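Enquirer: Handing you a structure now.
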Ligand SMILES: [Zn+2]
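Residue numbers (the numbering used here): 1 to 238.
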C-alpha cells in the first residue's frame with residue numbers, strides 16, 4: 001500500500017481512539033440505530049465537509065453531496081436519499097447548502113467546458129438562464145458568481161420542496177422543514193438565505209421572499225460599487 005494511504009489509515013485509528021477516549025462507548029452506541037435530525041444536501045467540494053463544518057459527530061447528519069448541490073426531480077440517487085432520510089429516519093430539517101467559489105457554478109456561469117460533468121451542470125445553467133437579465137446587470141464576474149451560488153441554493157431548495165417525498169411528508173402532517181444555506185470558503189461560516197419552508201402553502205412565498213432578499217443585497221452592492229472602487233470582498237456580506 002502506498003505510504004500516503006497507510007498514513008490515512010493511521011490517521012483514522014488516531015481519530016477513532018480520540019473519539020472513544022472523549023466519549024467511551026460512542027461507536028458501539030451508534031450500532032443500535034442512527035437518528036439524525038438533519039439531511040444535508042451539499043456540494044461534493046472537498047472544502048465543504050458537512051460534519052466538520054457543523055461540528056457534528058457521526059450519527060448526527062445524513063448527507064447527500066454532488067457537484068454544485070443540484071437536486072433534479074428525476075435523480076433517483078438524491079430522491080432515494082431524501083426518501084430514506086424523511087420516511088425512515090424522520091429527519092426534521094432538509095438543508096440545501098451551496099458555497100461561494102463553487103467550481104461547478106463557475107463553469108456553468110462562464111459556459112466553461114469541463115467534460116461529462118457539463119451535462120450535470122446544465123441544471124445550474126438553467127438557473128443562470130432563469131435569472132440571466134438580473135445577473136448580467138451585476139458588476140463583475142466575481143459578484144455574478146457569488147449571486148449565482150446563492151440563486152442555485154434557492155432553486156435547488158425549491159426543487160426539494162417539489163419532490164413527491166417532501167410533498168407526501170407534508171401531506172401526512174410530518175414535521176419537515178426545508179432550508180437554503182450558503183457557506184463561505186474564505187471564512188468557514190454558514191449563512192441562512194432564509195428560504196425556510198414548512199408546508200406546501202409556504203413554498204411560493206418563501207422562495208419569492210428569499211429571492212427578493214438576494215436581489216436587494218446585490219443590487220445595493222452594485223449601486224455602491226458604481227460610486228466607489230470595487231471592495232475586496234467577493235460578495236456583499238449579510
Ligand atoms: Zn461546489
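Glycine included, C-beta positions come from ideal geometry on N, C-alpha and C. Bear in mind the structure is a predicted one, so any value in this text is a computation, not a measurement.
In the DSSP assignment, what are the bridge partners of residue 62?
Expert: By one-based count along the chain shown, residue 62 stands at place 62. Residue 62 pairs with 39.
Enquirer: Just to check, is the beta-carbon of residue 68 closer than 7 Å to a non-hydrogen atom of ligand 1?
Expert: Locating residue 68 in the chain shown gives position 68, where the first residue counts as 1. For ligand 1, at least one heavy atom lies less than 7 Å from the Cβ of residue 68.
Enquirer: Less than 8 Å separating the beta-carbons of residue 139 and residue 212?
Expert: Here residue 139 refers to the residue found at position 139 when the chain shown is read from its first residue. Here residue 212 refers to the residue found at position 212 when the chain shown is read from its first residue. Contact: no.
Enquirer: Tell me whether residue 231 sits in a helix, a strand or coil according to DSSP, three-state version.
Expert: In the chain shown, the residue the question calls residue 231 occupies position 231. At residue 231 the pLDDT is 49, less than 50, meaning the model places this residue with poor confidence; the figure from the coordinates comes in the next sentence. The answer is coil: DSSP assigns residue 231 none of H, G, I, E or B.
Enquirer: Buried or exposed, going by whether 16 or more other CB atoms sit within 10 Å of the CB of residue 187?
Expert: Taking the first residue of the chain shown as 1, we reach residue 187 at position 187. Residue 187 comes out exposed.
Enquirer: Return the CA-CA distance between residue 14 and residue 8, expressed in angstroms with no decimal places.
Expert: Against the chain shown, residue 14 aligns to sequence position 14. Against the chain shown, residue 8 aligns to sequence position 8. One C-alpha to the other measures close to 10 Å.
Enquirer: Determine whether the beta carbon atoms of residue 180 and residue 145 lie at a separation below 8 Å.
Expert: Along the chain shown, read from residue 1 onward, the residue named residue 180 stands at position 180. Along the chain shown, read from residue 1 onward, the residue named residue 145 stands at position 145. Cβ atoms of residue 180 and residue 145: not closer than 8 Å.
Enquirer: If distances are taken between C-alpha atoms only, which option among 206, 183, 196 comes closest to residue 44?
Expert: As a working mapping, residue 44 is identified with position 44 in the chain shown. Ranking the options by Cα distance to residue 44, first place goes to 183.
Enquirer: Can the beta-carbon of residue 91 be found less than 8 Å from the beta-carbon of residue 49?
Expert: Within the chain shown, residue 91 is the residue found at index 91, counting from 1. Within the chain shown, residue 49 is the residue found at index 49, counting from 1. No; because the gap between Cβ atoms is not below 8 Å, this pair is not in contact.
Enquirer: Rounded to the nearest angstrom, how far is the Cβ of residue 176 from that of residue 170, given a contact under 8 Å?
Expert: Indexing the chain shown from 1 puts residue 176 at position 176. Indexing the chain shown from 1 puts residue 170 at position 170. Residue 176 to residue 170, Cβ: 7 Å. Contact.
Enquirer: Buried or exposed: residue 20, going by 16 or more other Cβ atoms within 10 Å of its Cβ?
Expert: The residue labelled residue 20 in the question sits at position 20 within the chain shown. Exposed: under 16 other Cβ atoms inside 10 Å.
Enquirer: For residue 104, count the other beta carbons within 10 Å of its own beta carbon; 16 or more makes it buried, fewer makes it exposed. Which is it?
Expert: Taking the chain shown and counting its residues from 1, the one referred to as residue 104 is at position 104. It is buried - the Cβ of residue 104 has at least 16 other Cβ atoms within 10 Å.
Enquirer: Under 8 Å by Cβ, that's how I've got residue 61 and residue 40 pegged, so tell me the actual separation to the nearest angstrom.
Expert: Here residue 61 refers to the residue found at position 61 of the chain shown. Here residue 40 refers to the residue found at position 40 of the chain shown. 5 Å between Cβ atoms; contact.
Enquirer: Assuming residue 148 contacts residue 158 (C-beta within less than 8 Å), just tell me the rounded distance between them.
Expert: Translated into the one-based positions of the chain shown, residue 148 becomes position 148. Translated into the one-based positions of the chain shown, residue 158 becomes position 158. Contact flag wrong, Cβ pair sits at about 15 Å.
Enquirer: Short of 8 Å in beta carbon distance, which residues of its chain neighbour residue 165, apart from the five on each side in sequence? Order them along the chain.
Expert: Residue numbering aside, residue 165 sits at position 165 when the chain shown is read from its first letter. Same-chain partners within the cutoff: 79, 82, 83, 86, 87.
Enquirer: My guess is that residue 150 and residue 193 are in contact by the Cβ rule of under 8 Å, so how many angstroms apart are they, rounded?
Expert: Here residue 150 is taken as the residue at index 150 of the chain shown, counted from 1. Here residue 193 is taken as the residue at index 193 of the chain shown, counted from 1. Confirmed, Cβ separation roughly 6 Å.
Enquirer: Report the residue from 66, 65, 38, 67 whose alpha carbon sits nearest the alpha carbon of residue 54.
Expert: Position 54 of the chain shown, counted from the start, is the residue given in the question as residue 54. When each option's Cα is compared against that of residue 54, the closest is 38.
Enquirer: Going along the chain, which residues of its own chain have a beta-carbon closer than 7 Å to the beta-carbon of residue 161, five neighbours each way excluded?
Expert: Counting from 1 along the chain shown, the entry for residue 161 is found at position 161. Result list for residue 161: 178, 197, 203, in chain order.
Enquirer: Alpha carbons only, please: which of 205, 73, 31, 152 is nearest the one belonging to residue 108?
Expert: The residue labelled residue 108 in the question sits at position 108 within the chain shown. Measuring from the Cα of residue 108, the nearest candidate turns out to be 152.
Enquirer: For the alpha helix (DSSP H) that residue 3 lies in, which residues bound it at each end?
Expert: As a first step, residue 3 is located in the chain shown; it is residue number 3 there, counting from the start. 3-22 is the span of the alpha helix (DSSP H), which, as asked, contains residue 3.
Enquirer: On the DSSP letters alone, give me the boundaries of the alpha helix (DSSP H) that residue 141 sits inside.
Expert: Walking along the chain shown from the start, residue 141 turns up at place 141. Its alpha helix (DSSP H) spans residues 141-162.
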